Every structure is written in structure tokens, then in C-alpha cells.
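In this note's numbering, the protein residues as written are 33 to 252.
Heads up, the beta-carbon is just placed ideally off N, CA and C, and yes, glycines get one too.
In this text the structure is predicted, and so the values were computed from the model without any measurement.
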């Protein structure tokens, strides 16, 4: 039986993160979750990798899934609560969901997340996580697991303020362990620069229930 996850995010820092999300459409919080959890998540990630659980990430969902190799080069698998570290992380994401709903009234319904592993040379070109009006993903979350990342390792996250902004990124985020990024999924373009080293990250999306007639719309 899994232990009940008990980790808590710092309430003041979480409120500041959500305030920045409301103001700018994105927010970055270095070191928001502790290295102990990072190490446990890394161990779980390496176990998944060694067991062959990861597959080349596709673009789109279900029947529309497409292995578009020109857009991104990364392997992925879905997170669940079968591992104690992943259960603890999902508990932290639930804290974020509740806090966003309390402060911004977005009606976020559930959270889905993937472990992403970028090999050397891995990348993800500029994109939005959801098409405008699709309402399947409302807020994106990125959490970094790279304990020994250093300048030159690549894999930084570039973020622009609007889909029409073609200039330099508004901010570039180093993929350092413990950092969390939030973005409005339909509004904030972003890209992952090519990695020079293996880059591990959790990418997740807070969703609303877009189904009709009271039927629950599942994540996958």
C-alpha cells in the first residue's frame, strides 16, 4: 500500500506564482519543490526508462495523434499514482489546481501529466499546448528534474507573451531541478531549445470538464 503523500508547497510562494500567472500569462518559481522529491522522481523516471515504458511522443490526442518528427524529439509516458514519488508530485499538482481555482475561478477539473525525456539533440519547436477555444487544456505546468544542469547543457524553455509575438522570447527558463513553470495553455507560445545532455521534465495540463450532459470528460 502506498504511503499517503504529505508534501506541501509554500503557500506564500504559490500565491505569488498564481498572481504572476494572472498578470503575465506565465509564471516561474525556481526551487518550488524540494530536491528530496526531485531525487525520488528521478529514480522513478530511470526505472520507467530501463523498463521500456517510454515511447516517442506524438502530436495530438487519440485518433489525431501524429509522430511529427519535425516538431519535437522527445520520449514520454503518462504519470500515475503507482509510484510513491509520482503520487506525491500529483498531490502537489492538486494543491496548485485548488489554489488556482480559489484565486482565479478557472474551474479547473483535473490534471494529466507526462514524464518527458529529451535525449541529446532533443527539442520541441515553438507551439501552444492547446488551440484557442478548445478548452481541453487551460493551464500548463512544467517541473524540472535536472539536478546537475549547467549552462551549455541546453534544453532551456523560451516563453513568448502572445501568439503574435515574433520577437525575442520574453523569458528563457533554465531547466534546473525544483523549478516550476505555469502558462496559460491557449495563449502562451513556448519552445524547448535543443539539449546537449539528457533532459528530464514533467509536463502537465490542468483541464476543465468540456463534456455535455454532465458526463465527465476523461483526460485520456
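Rounded separation between residue i and residue j - CA only
i	j	result
residue 112	residue 81	15 Å
residue 241	residue 233	26 Å
residue 123	residue 228	32 Å
residue 196	residue 70	35 Å
residue 269	residue 74	Past the edges of the chain, shown from 33 to 252, lies residue 269, and the structure says nothing about it.
residue 218	residue 190	16 Å
residue 7	residue 78	Here the chain has residues from 33 to 252 only, and residue 7 is not among them.
residue 194	residue 220	6 Å
residue 157	residue 64	26 Å
residue 201	residue 115	36 Å
residue 199	residue 159	15 Å
Supposed contact pair residue j and residue i - C-beta distance, whole angstroms, cut 8 Å
i	j	result
residue 211	residue 60	7 Å
residue 235	residue 119	Rounded, the Cβ-Cβ distance is 18 Å, inconsistent with contact.
residue 136	residue 54	6 Å
residue 205	residue 154	With a Cβ gap of about 16 Å, residue 205 and residue 154 do not count as contacting.
Exposure of residue i, with buried meaning 16 or more beta-carbon neighbours within 10 Å
i	result
residue 97	Because residue 97 sits at a pLDDT of 45, beneath the cut-off of 50, its placement in the model cannot be relied upon, and the following sentence gives the value as read from the coordinates. The residue is exposed, with fewer than 16 neighbouring Cβ atoms inside 10 Å.
residue 169	buried
residue 51	exposed
residue 237	buried
Closer than 8 Å to chain D by CB, residue i
i	result
residue 147	Looking for chain D here will not work: only one protein chain is present.
When the Cβ atoms of the region 143–152 are set against those of the region 220–230, are three or more pairs found closer than 8 Å?
yes
Is it the case that the region 173–180 contacts the region 202–216, given that we only count it when at least three CB pairs across the two stretches are under 8 Å?
yes
Contained beta strand (DSSP E) runs [length at least 3] in the region 159–190, N- to C-terminal order:
171–176
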